[in-house]
Amino acid sequence: MIKSMTGFGKATVEYNQKKVVIEVKSLNSKQLDINLRMPNLYREKEMDIRNLAKTYLERGKVDVSIYFDNSETDKTVALNRPVIEQYFRQMTEIASTLGIDTDNNELLQTIMRFPDTLKQQTEELNEEEWLALKSGIEKALKALDTFRIQEGEVLIRDILHRIDLIKSFAAEVPQYEGRRIESVRQRLMEKMKEWEEIRNVDQNRMEQEIIYYLEKLDITEEKVRLNNHCKYFIETAEKEEAPGRKLGFISQEIGREINTMGSKANDHDIQKLVVRMKDELEKIKEQSLNIL
Numbered sequence: 000m001i002k003s004m005t006g007f008g009k010a011t012v013e014y015n016q017k018k019v020v021i022e023v024k025s026l027n028s029k030q031l032d033i034n035l036r037m038p039n040l041y042r043e044k045e046m047d048i049r050n051l052a053k054t055y056l057e058r059g060k061v062d063v064s065i066y067f068d069n070s071e072t073d074k075t076v077a078l079n080r081p082v083i084e085q086y087f088r089q090m091t092e093i094a095s096t097l098g099i100d101t102d103n104n105e106l107l108q109t110i111m112r113f114p115d116t117l118k119q120q121t122e123e124l125n126e127e128e129w130l131a132l133k134s135g136i137e138k139a140l141k142a143l144d145t146f147r148i149q150e151g152e153v154l155i156r157d158i159l160h161r162i163d164l165i166k167s168f169a170a171e172v173p174q175y176e177g178r179r180i181e182s183v184r185q186r187l188m189e190k191m192k193e194w195e196e197i198r199n200v201d202q203n204r205m206e207q208e209i210i211y212y213l214e215k216l217d218i219t220e221e222k223v224r225l226n227n228h229c230k231y232f233i234e235t236a237e238k239e240e241a242p243g244r245k246l247g248f249i250s251q252e253i254g255r256e257i258n259t260m261g262s263k264a265n266d267h268d269i270q271k272l273v274v275r276m277k278d279e280l281e282k283i284k285e286q287s288l289n290i291l
């Protein structure tokens with residue numbers, strides 16, 4: 000099954016008046032790279048969350064975001080009563096010593112602006128909340144996987160269509176080869192007439208050079224290999240589970256045959272077909288980078 004490395008999954012978990020949102024995004028990457036952002040309350044479960052993600056994801060640059068949707072936090076704020084009482088006692092004593100009339104409400108409002116009058120109590124993660132969170136993470140990862148499958152289907156259809164185009168362009172090459180061979184033959188005949196006027200020509204060496212020249216221009220092997228590479232590309236895409244890397248390697252081999260064909264072509268129409276094949280291959284390479 001072809002999967003894209005690009006995807007998005009989201010899930011929401013509600014527990015104990017908390018609404019927790021889990022979002023998972025992925026992009027293409029050679030390795031699995033997980034970036035995790037979450038409240039401090041869940042920090043102790045970081046390795047568990049990473050291992051959970053690894054069971055669903057093989058490659059890709061993955062961002063996992065866990066956050067509270069209803070402005071809840073993993074910390075509760077409480078009044079630091081001993082500190083407030085101490086501030087109040089000292090302030091009233093100073094006011095009494097100085098003979099200053101005080102309003103208790105105003106004094107309390109002033110004291111509440113002093114340091115350490117509020118304290119944060121860190122909430123601890125219990126097993127029930129962790130199981131609820133884990134279920135939400137799994138749901139988000141499954142949604143991401145479904146997205147990647149759908150995206151992969153679209154990708155591979157486009158890629159295989161472009162492979163078919165390359166094959167069709169390659170199939171047009173033979174119609175120009177007869178004219179190309181005749182053109183080469185005429186040029187060689189003209190050169191041979193010139194050589195006949197030259198004395199002391201080594202006939203054996205000349206024949207060897209002509210044969211070597213004709214062999215250099217022959218593109219039969221390139222056409223056969225190109226067709227085989229295209230066939231192998233299609234088989235790999237249809238049968239292998241995660242063929243992204245292999246498709247990239249096969250694309251390189253296809254490119255070598257196209258380039259060699261272009262360098263040997265020595266014909267305007269064949270060169271145009273080579274350019275069109277190269278254009279489709281570049282699009283295939285770009286798309287293949289996003290396949291798992």
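In terms of numbering that gives the first Met the number 0, the sequence shown opens at residue 0 and continues consecutively.
For each residue, glycine too, the CB sits at the ideal point set by N, CA and C.
Residue i by DSSP, collapsed to three states: which one?
i, result
"Gly6", "strand"
"Glu189", "helix"
"Thr360", "Lying outside 0 to 291, the shown extent of the chain, residue 360 is not represented and no answer is given."
"Asp68", "coil"
"Gly254", "helix"
"Gly177", "helix"
"Ile218", "coil"
"Thr145", "helix"
"Gly98", "coil"
"Glu84", "helix"
"Glu13", "strand"
"Ile290", "strand"
"Asp62", "strand"
"Leu124", "coil"
"Ala77", "strand"
"Asp157", "helix"
"Val172", "coil"
"Ala264", "helix"
"Ile1", "coil"
"Met90", "helix"
"Ala241", "coil"
"Glu298", "Look at the range of the chain in this structure, 0 to 291, and you will see that residue 298 is not part of it."
"Met276", "helix"
Which residues in the same chain have their Cβ closer than 6 Å to the Cβ of residue i, if we skip the five residues on either side of it in sequence?
i, result
"Met292", "Only positions 0 to 291 of the chain appear in this structure, which leaves residue 292 out of reach."
"Leu143", "Gly6, Gly8 and Val23"
"Glu256", "Glu221, Arg224 and Leu225"
"Ile158", "Ile283 and Gln286"
Does the beta-carbon of residue i have 16 or more other beta-carbons within 10 angstroms, so that it is buried, or is it exposed?
i, result
"Ile249", "buried"
"Ser167", "exposed"
"Gly177", "exposed"
"Lys17", "buried"
"Glu351", "Outside the shown range of the chain (0 to 291) lies residue 351, about which nothing can therefore be said."
"Met46", "exposed"
"Ala139", "buried"
"Ile99", "exposed"
"Val153", "exposed"
Grab me the residues of residue i's own chain with a C-beta within less than 7 Å of its C-beta, minus the 5 sequence neighbours each way, in chain order.
i, result
"Thr101", "Thr91 and Ala94"
"Cys229", "Ile162, Ile165, Lys166 and Ile253"
"Leu26", "Met4, Thr5, Gly59 and Lys60"
"Lys282", "Arg161"
"Lys277", "Ile257"
"Leu132", "Val12, Val19 and Tyr41"
"Leu35", "Glu45, Ile48, Arg49 and Val63"
Would you tell me roughly how many angstroms separate the C-alpha atoms of residue i and residue j, rounded to the nearest one?
i, j, result
"Asn265", "Glu252", "22 Å"
"Leu225", "Tyr41", "54 Å"
"Pro173", "Gln185", "19 Å"
"Ile21", "Ile1", "25 Å"
"Thr219", "Gly247", "24 Å"
"Glu279", "Leu288", "15 Å"
"Glu285", "Ala77", "56 Å"
"Lys215", "Ser182", "15 Å"
"Gln270", "Pro242", "31 Å"
"Arg97", "Arg112", "Correcting the residue identity first, residue 97 is Leu in this sequence and not Arg. Answer to the nearest angstrom: the Cα atoms are 22 Å apart."
"Ile48", "Arg156", "34 Å"
"Lys53", "Thr235", "24 Å"
"Phe146", "Pro114", "50 Å"
"Asn227", "Met260", "15 Å"
"Ile33", "Arg244", "20 Å"
"Leu130", "Gln85", "43 Å"
Using a Cβ-based criterion (distance less than 7 Å to any ligand heavy atom), does residue i qualify as near the ligand HEM?
i, result
"Val223", "Within the structure as shown, the ligand HEM is missing, as the structure has no ligands at all."
Tell me which residues share the same chain as residue i and place their Cβ nearer than 8 Å to its Cβ, disregarding the 5 neighbours each side in the sequence.
i, result
"Gly135", "Ala10, Thr11, Val12, Val19 and Ile21"
Please confirm whether residue i has its beta-carbon closer than 8 Å to some beta-carbon of chain C.
i, result
"Arg42", "The structure shown has no chain C; it contains just one protein chain."
Which residue spans inside the region 17-55 form an unbroken beta strand (DSSP E) run of at least 3?
-> Secondary structure remark: continuous beta strand (DSSP E) runs of at least 3 residues inside the region 17-55, in chain order: 17-26 and 31-36.
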